[in-house]
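Student: Handing you a structure now.
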Amino acid sequence: MISIFIKRLLLAIPVLLAVASLTFFLVKLAPGGPFDADKAVSPQVLKNLNEAYNLNASEWEQYVAYMSGILQGDFGPSFRFPGRSVSEMIATGLPVTFELAFYAILIALLIGVSSGVLAALKRNTYLDFIPMAIAMIGICVPTFLMGPLLVLIFGINLEILPVSGWGQLPGDKILPSITLGFAYAAYIARLSRGGMLEVLNQDFIRTARAKGLTEKNVVIKHAMQGGLIPVVSFLGPAIAGLLAGSFVVETIFQIPGLGRFYVEAAFNRDYTMILGTTIFFSAMIVFFNLLSDLAAMWLNPRSRDNS
Amino acid sequence: MSKSSTLWSDAIYRLTRNKAAMFGAIILFILILCAALAPWIAPYSYSFQDLELGASPPSAAHILGTDVLGRDLLSRILYGARISLLVGFVATGVALVIGVSWGIIAGYAGGKVDSVMMRIVDVLYGLPFIIFIILLMVIFGRNLWLLFGAIGAVEWLTMARIVRGQVIGLKNQEFVMAAKAMGVSNFSMFRKHLLPNILGPIAVYATLTIPQVMLLEGFLSFLGLGIQPPMSSWGTLIKDGVESMEEYSWLLIYPGLTFTITLFALNFFGDGLRDALDPKTTDN
Numbered sequence: 001m002i003s004i005f006i007k008r009l010l011l012a013i014p015v016l017l018a019v020a021s022l023t024f025f026l027v028k029l030a031p032g033g034p035f036d037a038d039k040a041v042s043p044q045v046l047k048n049l050n051e052a053y054n055l056n057a058s059e060w061e062q063y064v065a066y067m068s069g070i071l072q073g074d075f076g077p078s079f080r081f082p083g084r085s086v087s088e089m090i091a092t093g094l095p096v097t098f099e100l101a102f103y104a105i106l107i108a109l110l111i112g113v114s115s116g117v118l119a120a121l122k123r124n125t126y127l128d129f130i131p132m133a134i135a136m137i138g139i140c141v142p143t144f145l146m147g148p149l150l151v152l153i154f155g156i157n158l159e160i161l162p163v164s165g166w167g168q169l170p171g172d173k174i175l176p177s178i179t180l181g182f183a184y185a186a187y188i189a190r191l192s193r194g195g196m197l198e199v200l201n202q203d204f205i206r207t208a209r210a211k212g213l214t215e216k217n218v219v220i221k222h223a224m225q226g227g228l229i230p231v232v233s234f235l236g237p238a239i240a241g242l243l244a245g246s247f248v249v250e251t252i253f254q255i256p257g258l259g260r261f262y263v264e265a266a267f268n269r270d271y272t273m274i275l276g277t278t279i280f281f282s283a284m285i286v287f288f289n290l291l292s293d294l295a296a297m298w299l300n301p302r303s304r305d306n307s
Numbered sequence: 001m002s003k004s005s006t007l008w009s010d011a012i013y014r015l016t017r018n019k020a021a022m023f024g025a026i027i028l029f030i031l032i033l034c035a036a037l038a039p040w041i042a043p044y045s046y047s048f049q050d051l052e053l054g055a056s057p058p059s060a061a062h063i064l065g066t067d068v069l070g071r072d073l074l075s076r077i078l079y080g081a082r083i084s085l086l087v088g089f090v091a092t093g094v095a096l097v098i099g100v101s102w103g104i105i106a107g108y109a110g111g112k113v114d115s116v117m118m119r120i121v122d123v124l125y126g127l128p129f130i131i132f133i134i135l136l137m138v139i140f141g142r143n144l145w146l147l148f149g150a151i152g153a154v155e156w157l158t159m160a161r162i163v164r165g166q167v168i169g170l171k172n173q174e175f176v177m178a179a180k181a182m183g184v185s186n187f188s189m190f191r192k193h194l195l196p197n198i199l200g201p202i203a204v205y206a207t208l209t210i211p212q213v214m215l216l217e218g219f220l221s222f223l224g225l226g227i228q229p230p231m232s233s234w235g236t237l238i239k240d241g242v243e244s245m246e247e248y249s250w251l252l253i254y255p256g257l258t259f260t261i262t263l264f265a266l267n268f269f270g271d272g273l274r275d276a277l278d279p280k281t282t283d284n
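The listed protein sequences correspond, in order, to chains A and B. Sequential numbering from 1 applies to the first sequence in my numbering. Sequential numbering from 1 applies to the second sequence in my numbering.
See the structure below:
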């Protein structure tokens with residue numbers, strides 16, 4: 001298994017290099033210079049700016065300088081916020097986004113796994129139908145609609161929860177976390193139901209029951225380990241989705257996280273910020289995919305024995 | 001051909017007995033009809049402004065009310081349906097063409113070609129594509145055709161995997177070998193022998209891709225990076241609705257309801273189609 005991990009890690013390096021190079025040259029293709037925006041600047045200022053941002057060097061030199069900067073964790077200066085570096089902005093936004101994503105995935109796992117397992121155990125009863133119907137709603141109501149609806153109900157009409165912010169008012173983390181986690185709770189509920197149904201019909205579960213284990217032990221110790229493998233493999237790709245979701249949630253609730261910075265950078269055409277965050281996001285997602293594949297492999301005895 | 005027609009007539013029989021799927025199909029049919037006929041059935045033009053009226057709740061003159069500029073919401077939802085459904089279908093079409101060709105070639109060629117092509121799919125799977133779409137929209141401007149292409153270019157991966165799996169299953173069957181022995185060219189092999197036999201899974205997956213594509217478009221438009229005014233899709237209507245939801249909640253609720261119902265209908269129909277064409281596959 002370690003050899004598979006190392007192999008995948010080694011493959012990830014050229015992939016990330018390719019992503020970084022491709023994004024770099026894509027951004028260079030963008031029409032117009034970064035400084036010919038709203039107000040015209042004098043030629044001298046423009047010259048100084050170009051010098052400060054290393055734009056007078058040939059593209060190849062810029063590329064080499066940028067790539068070697070990345071390897072040292074330096075994503076260059078922001079085009080829009082003079083004096084701030086992209087790395088600095090990532091470092092400010094990332095903890096917030098991580099915290100949000102963590103609560104969201106926690107909510108999703110708690111609700112999703114418990115309702116999915118219960119639905120599988122009580123197949124074709126109301127305990128199966130109702131959670132699965134709610135899960136269908138969770139999949140069909142997009143985050144960008146769910147968020148505003150929750151704000152409308154709990155923030156504006158009932159006035160029991162703050163409508164925006166992060167860590168300023170008590171309870172202002174509840175709505176964003178639920179908004180982001182809800183769709184994943186739905187997916188996880190469906191996945192764990194499907195996985196559990198498959199496992200519950202297998203011989204080793206019948207054996208476990210035949211030797212007189214309590215139902216609780218059968219489910220928790222024997223069935224869930226195999227039944228939840230699909231959930232574990234889903235978590236890696238889910239991180240990518242959570243990230244996209246964080247763009248929306250952080251915009252709706254005005255949370256100063258990386259997702260909102262990214263959307264703002266896209267609006268402001270802050271090319272260095274977009275470039276830096278794109279590469280950073282890619283690296284993060286490649287890493288989490290690797291991690292969740294590894295965890296799923298470790299949970300599955302068949303692939304564990306092979307290596 | 002008689003074999004395949006039984007498969008399809010069986011499937012249609014099963015589909016018509018699935019209430020949720022038929023419900024979805026009817027809703028979709030009505031929606032497509034409304035979108036196509038929008039210029040004739042919409043009570044007002046989508047850009048007609050009645051500034052004196054401003055935002056007004058649903059009334060007899062404006063069934064779903066009006067927005068801040070006094071534009072009729074029903075008309076805007078009807079015109080928005082054109083864009084939203086167009087993006088859904090066209091981008092899915094792009095994904096279909098890329099995914100099916102990629103999958104057929106990889107599956108049929110096998111060996112090194114297959115492993116390299118599928119490796120590429122694996123690698124692309126692990127990348128945050130939504131970010132690349134945003135990047136493209138920022139760099140090249142927010143253009144409708146670019147949006148179609150970019151979304152389609154992202155959604156083809158699963159299709160390629162499904163098609164490849166199917167083709168590998170078919171490749172060693174006698175009729176394919178017989179056709180090969182008779183010297184059928186690769187192209188007509190794909191078109192006449194392989195493609196007709198994998199239409200079922202393709203149709204199913206395409207139906208299930210449309211709601212994903214529409215969600216993606218809605219997501220981008222909501223962030224202001226998708227469809228640009230004066231054009232409007234359901235995503236932009238929801239975005240506008242959010243901005244004024246505190247006072248005029250109907251501006252959020254009706255476009256949101258339309259969007260959700262459409263996604264429901266597409267998902268129900270897709271699930272039904274899957275069950276009808278291949279009763280063995282289970283819900284995951």
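All residues carry an ideal CB built from backbone N, CA and C; glycine is no exception.
Using a Cβ-Cβ distance under 8 Å, would A/S192 count as near chain B?
Tutor: Not closer than 8 Å to any Cβ of chain B, the Cβ of A/S192 fails to qualify, so no.
Student: Can you give me the start and stop residues for the alpha helix (DSSP H) that A/L17 sits inside?
Tutor: Here the alpha helix (DSSP H) through A/L17 covers 2 to 29.
Student: Against chain B, does A/I156 count as a neighbour if the rule is that its beta carbon must be under 8 Å from one of theirs?
Tutor: Cβ-Cβ to chain B under 8 Å: yes for A/I156.
Student: So which residues on chain B does A/S282 lean against when the C-beta distance must stay under 7 Å?
Tutor: Residues of chain B passing the Cβ test: L127, P128.
Student: Tell me whether B/S56 sits in a helix, a strand or coil according to DSSP, three-state version.
Tutor: Reduced to three states, the DSSP call for B/S56 is strand.
Student: Can you grab the Cα-Cα spacing for the pair B/I238 / A/L106, in whole Å?
Tutor: Computed Cα separation, rounded: 28 Å.
Student: Taking the alpha helix (DSSP H) that B/D240 falls in, what are its first and last residues?
Tutor: B/D240 -> alpha helix (DSSP H) spans 234 to 243.
Student: I believe B/W267 touches A/C140 by the beta-carbon criterion, under 8 Å. Please report the beta-carbon distance rounded to the nearest angstrom.
Tutor: Strictly speaking, residue 267 of chain B in this sequence is Asn, with Trp absent from that position. B/N267 to A/C140, Cβ: 6 Å. Contact.
Student: Looking at the unbroken alpha helix (DSSP H) that takes in B/D72, where does it start and where does it end?
Tutor: First-last for B/D72: undefined, no H or E at that position.
Student: Could you pull the start and end residues of the alpha helix (DSSP H) that B/T258 belongs to?
Tutor: 250 to 277 is the extent of the alpha helix (DSSP H) around B/T258.
Student: In its own chain, which residues sit with a C-beta less than 7 Å from the C-beta of B/P230, not counting the 5 before and 5 after it?
Tutor: If we look at B/P230 and ignore the five residues flanking it on each side, its Cβ neighbours are S47.
Student: A/N289 lies in the alpha helix (DSSP H); which residues open and close that run?
Tutor: Taken as a continuous stretch (DSSP letters only), the alpha helix (DSSP H) holding A/N289 covers 271 to 299.
Student: List the endpoints of the continuous alpha helix (DSSP H) containing A/I156.
Tutor: Segment: none, A/I156 is in no alpha helix (DSSP H) and carries neither H nor E.
Student: Would you mind telling me which residues of chain B sit closer than 7 Å to A/R269, beta carbon to beta carbon, in chain order?
Tutor: Simply V138.
Student: Give, in chain order, every unbroken run of the beta strand (DSSP E) that is at least 3 residues long and sits entirely within the region 170 to 229 of chain B.
Tutor: For the region 170 to 229 of chain B, not a single whole beta strand (DSSP E) run of length 3 or above is found.
Student: Is it the case that the Cβ atoms of A/A65 and A/N50 are separated by a distance below 8 Å?
Tutor: Against a cut-off of 8 Å, the Cβ pair of A/N50 and A/A65 comes out as no contact.
Student: For A/F253, decide whether its Cβ has a neighbour in chain B, counting only Cβ atoms nearer than 8 Å.
Tutor: So, not an interface residue.
Student: Could you check the C-alpha separation between B/L31 and A/I137 for me, to the nearest Å?
Tutor: Rounded to whole angstroms, B/L31 to A/I137 spans 20 Å at the Cα level.
Student: For B/I26, is the classification buried or exposed, using 16 other Cβ atoms within 10 angstroms of its Cβ as the cut-off for buried?
Tutor: With fewer than 16 Cβ atoms within 10 Å of its Cβ, B/I26 is classed as exposed.
Student: Enumerate in chain order the residues of its own chain whose CB-to-CB distance from A/L175 is below 6 Å, with the five nearest sequence positions on each side excluded.
Tutor: Within the same chain, A/L175 has close Cβ partners L150, L161.
Student: Got a sec? Which residues, its chain only, sit under 8 Å from B/S2 by beta carbon, not counting five neighbours each side?
Tutor: Note on B/S2: pLDDT 48, under 50, position unreliable in the model; the coordinate value appears next. If we look at B/S2 and ignore the five residues flanking it on each side, it has no Cβ neighbours.
Student: What residues in its chain sit with their C-beta under 8 Å from that of B/M245, if we drop five residues either side in the sequence?
Tutor: Within the same chain, B/M245 has close Cβ partners L251, L252.
Student: I want to verify the contact list: residues of chain B whose CB lies under 7 Å from the CB of A/V117, in sequence order.
Tutor: Within 7 Å Cβ-Cβ: nothing; A/V117 doesn't reach chain B, min ~15 Å.
Student: Suppose you measure from the CA of B/G183 to the CA of B/V176; what does that come to, to the nearest Å?
Tutor: Looking at the two C-alpha atoms, the distance is approximately 11 Å.
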